[in-house]
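A.B. asks: One line per chain: the protein sequences are A and B, in this order. Using this note's numbering, you'd call the opening residue of the first sequence number 324 and step up by one each time. Using this note's numbering, you'd call the opening residue of the second sequence number 20 and step up by one each time. Even for Gly, the Cβ is constructed at its ideal location relative to N, Cα and C. Quick caveat: nothing in here was measured; it's all calculated off a predicted structure. Quick one: the structure is below, and I'll ask about it shortly.
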Amino acid sequence: MAVGVRTKDLRKIYTSAPPLGAAGGFIARGNARKSKQPKPQITALDELSLEIQPREIFGLLGPNGAGKSTTVGVLTTRVRPTSGKAWIGEHDVWNEQAQVKHLIGVVPQRPNLDFSLTAREILIFHAAYFGIGNKERNQRADSLLEKFKLTDRANQMVRGFSGGMMQRLSIARAMMHDPQVLFLDEPSAGLDPQTRILLWEIIRDYNREGKTILLTTHYMEEADALCHRLAIVDHGKIIALNTPHELKASIPGGYLLRLRFGNQTTGLLQRLKTLAGVREVRSSDGTGTDVYADRGGSLIPEIAAVAASTGAELSDVHISEPSLENLFLHHTGRSLRD
Amino acid sequence: MNWKAFGAMLARDAHVARRNAIQLSFQTFLQPLLFVFIFGRVMVGSGYMPPQYKSLLLPGIIAISMVFTGIWAVAMPLIAEFQWTREIEDRLLAPIDIHWIAIEKVIAGMIQAAVAGLVVIPLAWLVLRPGLDISIHSPLEFVAIILLVSAFSACGGLALGCSMNQQHIGLMFSMLLTPMIFFGCTYYPWSALKNFPVLQKAVLINPIVYASEGMRATLVPQFSHLPTLVTLVALLVFDLGLLYIGLRQFDKKAIS
Chain A
324 MAVGVRTKDL RKIYTSAPPL GAAGGFIARG NARKSKQPKP QITALDELSL EIQPREIFGL
384 LGPNGAGKST TVGVLTTRVR PTSGKAWIGE HDVWNEQAQV KHLIGVVPQR PNLDFSLTAR
444 EILIFHAAYF GIGNKERNQR ADSLLEKFKL TDRANQMVRG FSGGMMQRLS IARAMMHDPQ
504 VLFLDEPSAG LDPQTRILLW EIIRDYNREG KTILLTTHYM EEADALCHRL AIVDHGKIIA
564 LNTPHELKAS IPGGYLLRLR FGNQTTGLLQ RLKTLAGVRE VRSSDGTGTD VYADRGGSLI
624 PEIAAVAAST GAELSDVHIS EPSLENLFLH HTGRSLRD
Chain B
20 MNWKAFGAML ARDAHVARRN AIQLSFQTFL QPLLFVFIFG RVMVGSGYMP PQYKSLLLPG
80 IIAISMVFTG IWAVAMPLIA EFQWTREIED RLLAPIDIHW IAIEKVIAGM IQAAVAGLVV
140 IPLAWLVLRP GLDISIHSPL EFVAIILLVS AFSACGGLAL GCSMNQQHIG LMFSMLLTPM
200 IFFGCTYYPW SALKNFPVLQ KAVLINPIVY ASEGMRATLV PQFSHLPTLV TLVALLVFDL
260 GLLYIGLRQF DKKAIS
């Protein structure tokens with residue numbers, strides 16, 4: 324019974340501070356009619372529609388405040404949408420919360436482990452909330468502790484755990500009731516590279532069991548390595564959606580050369596466009612120029628020559644190969660890390 | 020209604036309470052015992068207070084320890100779990116309507132408050148005897164008062180815990196609970212305020228008045244007290260009002 328996820332025209336406007344992990348977005352003054360003080364309104368989701376197939380690893384990629392965590396919040400019953408609908412399988416998320424909660428497992432952005440319990444008790448009680456019998460929940464806890472390399476810390480209080488251990492335990496807990504859809508909000512934030520690779524392996528394994536996975540990230544490598552399909556989100560809207568491969572192929576040329584000139588002229592930009600392999604030339608602020616091209620380093624001598632002939636001295640060059648980072652930049656004009 | 024999830028959450032709270040049993044006992048019983056020792060034993064023994072004061076004092080002390088325990092048991096974990104550790108999120112994702120999570124907290128708080136009240140009675144008896152004149156004339160009435168006072172303290176804890184920020188905990192105790200206890204007819208009966216008519220009317224908005232007067236009515240009816248029916252009805256009204264406010268505030272905290 325593989326289960327998909329769907330949203331239709333989701334809007335979320337926060338009138339108070341958004342929850343942690345869903346902060347950001349852009350702030351617009353509310354148009355409250357002559358009321359005492361207009362509340363600041365934060366539009367976190369703006370008509371977001373999405374369809375995630377059963378058994379898919381789907382990624383939401385975007386900068387902080389893009390609306391990723393709010394989307395996860397709505398899909399996991401924790402955020403009430405201002406309008407629009409969301410479904411897990413056939414169940415309406417807002418109106419059939421208990422059924423939906425049976426189907427989903429959630430790994431939050433910030434660990435929210437029960438500090439009054441030991442690692443093992445956290446798993447056991449979680450399973451008990453889901454009505455799993457005593458014998459089975461003990462077996463599952465043992466096997467997950469083993470899988471996440473936590474067996475030797477099983478009977479310790481989690482207060483003293485490192486960030487990586489807490490994260491692993493959060494994922495183990497989310498898997499305890501064997502959910503059909505697993506949500507991971509920034510799963511590898513703050514993890515060391517070794518743990519990150521372990522985490523990716525675990526996510527892939529879980530997916531192979533026929534489970535649907537939705538993860539949010541602002542790491543390109545992660546989205547690229549794990550996701551079958553990706554949605555690039557910015558300001559609560561989806562700005563691109565496809566496989567990582569197709570998305571990367573959609574960047575003109577693929578290579579991005581970020582150039583700086585001492586003295587940049589329009590003539591120079593025109594000349595750059597005529598070079599062989601150059602697909603697009605963009606200049607945003609008058610000093611920097613982005614050149615999208617289907618080759619990288621081999622263009623540099625020609626660019627330097629063109630610059631010299633127009634009297635614009637080339638002062639800085641940065642070449643990046645086809646990547647999702649470039650894609651994001653291409654669509655939004657902003658870097659993911661902005 | 021998912022009774023399995025509800026039961027598992029109660030079991031979790033019981034497990035945590037068992038783990039902290041020693042700390043909890045000191046927190047619950049030390050203050051009331053010191054109080055009965057100084058006021059009931061030392062002051063009475065040295066002749067500053069009449070001997071009957073022992074019996075008059077005890078119901079108020081029971082009410083205080085129940086109210087404190089219930090509020091503390093519900094409000095403090097909620098404040099921490101919503102704002103700091105966010106550990107309640109795991110229960111918010113359990114397959115159960117989230118109101119039942121709040122109600123589970125209330126039930127757990129009620130149990131702790133009732134235990135606190137029931138254990139203070141024999142402990143205080145040990146400290147105060149001889150000369151302590153308390154008896155339960157109507158067990159039914161006693162049970163009803165214990166239940167309603169427990170519910171008042173736990174529902175109050177829910178309403179406060181879901182309305183307060185972490186930085187206001189100190190304020191909650193010094194600005195709200197302390198005056199409520201001193202104006203709550205805990206150390207004196209309501210009838211003792213007859214020389215302060217305005218104050219006597221004003222304190223009737225304080226639910227602790229009904230808690231201590233109700234305790235007095237059921238344990239030491241020889242002293243004057245508010246009519247039992249009045250205290251029962253007033254407590255019920257406060258219980259339901261605080262539960263309603265508490266559930267609304269819980270919703271606001273749980274869902275953004």
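Below 7 Å on C-beta distance, what does A:Y452 contact in chain B?
C.D. replies: The answer, in chain order, is A24, A27, M28, R110 and A113.
A.B. asks: Looking at the unbroken alpha helix (DSSP H) that takes in A:P502, where does it start and where does it end?
C.D. replies: Element bounds for A:P502: n/a, residue is neither H nor E.
A.B. asks: On a Cα-Cα basis, can you pick out the residue from A:G412, A:T633 and A:V397 that is closest to A:T302?
C.D. replies: The displayed coordinates of chain A run from 324 to 661. Any statement about residue 302 of chain A would go beyond what the structure contains.
A.B. asks: Nearest to B:T88 by alpha carbon, out of B:L137, B:N225 and B:R267?
C.D. replies: Comparing Cα positions, the closest option is B:L137.
A.B. asks: Show which residues of chain B have a CB atom less than 7 Å away from the CB atom of A:K424.
C.D. replies: Going along chain B in sequence order, the residues near A:K424 (Cβ under 7 Å) are L112, A113 and P114.
A.B. asks: With respect to the alpha helix (DSSP H) encompassing B:E160, which residues constitute its N-terminal and C-terminal limits?
C.D. replies: P158 to G180 is the span of the alpha helix (DSSP H), which, as asked, contains B:E160.
A.B. asks: Who are the neighbours of A:S431 on chain B, taking C-beta pairs under 7 Å?
C.D. replies: The displayed chain sequence assigns Pro, not Ser, to residue 431 of chain A. Going along chain B in sequence order, the residues near A:P431 (Cβ under 7 Å) are E108.
A.B. asks: When we look at the beta-carbon of A:A572 and count the other beta-carbons within 10 Å, is it buried (16 or more) or exposed?
C.D. replies: When all chains shown are included, A:A572 counts as exposed.
A.B. asks: Which chain B residues sit within Cβ distance under 8 Å of A:A421?
C.D. replies: Near A:A421 (Cβ distances below 8 Å), the residues of chain B are N21, P114, I115 and D116.
A.B. asks: Under three-state DSSP, which class holds B:Q186?
C.D. replies: It is helical.
A.B. asks: May I have a chain-ordered list of the beta strand (DSSP E) segments no shorter than 3 residues that lie completely inside the stretch 605-661 of chain A?
C.D. replies: Listed in chain order, the complete beta strand (DSSP E) runs (minimum 3 residues) inside the stretch 605-661 of chain A are 611-616 and 637-643.
A.B. asks: Which residues in the same chain as B:A92 place their Cβ atom closer than 6 Å to its Cβ, once the five residues preceding and following it in sequence are excluded?
C.D. replies: These residues qualify, in order along the chain: G128 and Q131.
A.B. asks: Tell me the DSSP secondary structure of A:G390 in three-state form.
C.D. replies: Coil at A:G390, not helix or strand.
A.B. asks: Does chain B have any CB closer than 8 Å to the CB of A:H449?
C.D. replies: So, interface residue.
A.B. asks: Using a Cβ-Cβ distance under 8 Å, would A:T338 count as near chain B?
C.D. replies: No, because no Cβ of chain B sits closer than 8 Å to the Cβ of A:T338.
A.B. asks: Helix, strand or coil for A:G590 per DSSP?
C.D. replies: Here A:G590 sits in helix by DSSP.
A.B. asks: What did DSSP end up calling B:R38 once you bin it into helix, strand or coil?
C.D. replies: Looking at B:R38 - three-state DSSP - the assignment turns out to be helix.
A.B. asks: Taking B:I188 as the reference, give the member of B:T47, B:L97 and B:Q219 with the closest Cα.
C.D. replies: Comparing Cα-Cα distances from B:I188 to each of B:T47, B:L97 and B:Q219, the minimum goes to B:L97.
A.B. asks: Can you give me the C-alpha to C-alpha distance between B:S74 and B:L251, rounded to a whole angstrom?
C.D. replies: So the two alpha carbons sit approximately 21 Å from each other.
A.B. asks: Tell whether a beta-carbon distance below 8 Å holds between B:S243 and B:S210.
C.D. replies: Cβ atoms of B:S243 and B:S210: closer than 8 Å.
A.B. asks: Take A:T518 as the anchor and find which of A:K472, A:H500, A:F506 and A:D528 has the nearest alpha-carbon.
C.D. replies: Ranking A:K472, A:H500, A:F506 and A:D528 by Cα distance to A:T518 puts A:K472 first.
A.B. asks: Report yes or no: is there a C-beta of chain A within less than 8 Å of the C-beta of B:I130?
C.D. replies: No, no contact with chain A.
A.B. asks: What does B:R37 reach in chain A if we use C-beta pairs closer than 7 Å?
C.D. replies: By Cβ distance, chain A contributes nothing, its closest Cβ being about 11 Å from B:R37, past 7 Å.
A.B. asks: Check each residue of the stretch 262-275 of chain B: if its Cβ is closer than 7 Å to any Cβ of chain A, include it; give the result in chain order.
C.D. replies: So the close ones are I274 and S275.
A.B. asks: Shortest alpha-carbon distance to A:I380 belongs to which of A:H568, A:R531 and A:I447?
C.D. replies: Of the candidates A:H568, A:R531 and A:I447, the one whose C-alpha sits nearest the C-alpha of A:I380 is A:R531.
A.B. asks: Please name the residues in the stretch 393-415 of chain A whose beta-carbon is closer than 9 Å to at least one beta-carbon of chain B, in chain order.
C.D. replies: The stretch 393-415 of chain A vs chain B, Cβ under 9 Å: T393, G396, T399, T400, R401, V402 and R403.
A.B. asks: Rank B:I140, B:L167 and B:G175 by C-alpha distance to the C-alpha of B:S154 and give the top, closest one.
C.D. replies: Nearest of B:I140, B:L167 and B:G175 to B:S154, Cα basis: B:I140.
A.B. asks: Taking A:I626 as the reference, which of A:G454, A:K596, A:M489 and A:T535 has the closest Cα?
C.D. replies: Comparing Cα positions, the closest option is A:K596.
A.B. asks: Helix, strand or coil: which one does DSSP assign to A:D475?
C.D. replies: Three-state result, A:D475: helix.
A.B. asks: Who does A:F381 pair with in a DSSP beta bridge?
C.D. replies: The partner list for A:F381 (beta bridge, DSSP) reads A:L537 and A:R552.
A.B. asks: For A:R581, which option in A:A616, A:F506, A:A628 and A:T399 has the closest C-alpha, if you only look at C-alpha atoms?
C.D. replies: Checked all of A:A616, A:F506, A:A628 and A:T399; the closest Cα to A:R581 is A:A616.
A.B. asks: Helix, strand or coil for A:Q364 per DSSP?
C.D. replies: Of the three classes helix, strand and coil, the one that applies to A:Q364 here is strand, per DSSP.
A.B. asks: A:G486 and A:G513 look like a contact to me (Cβ under 8 Å); what is the Cβ gap, rounded to whole Å?
C.D. replies: Between A:G513 and A:G486 the Cβ distance is about 5 Å, and since that is below 8 Å, they are a contact.
A.B. asks: In whole angstroms, what separates the C-alpha of A:A355 from that of B:A170?
C.D. replies: Bear in mind that the predicted position of A:A355 carries a pLDDT of just 41, short of 50, making it too unreliable to give a figure here.
A.B. asks: Between the C-alpha atoms of B:L53 and B:H34, what's the straight-line distance to the nearest angstrom?
C.D. replies: If you take the alpha carbons of B:L53 and B:H34, they lie about 28 Å apart.
A.B. asks: In chain B, what lies closer than 8 Å to A:F438 by C-beta?
C.D. replies: Ordered by position in chain B, the residues that pass the 8 Å Cβ test against A:F438 are T104 and E106.
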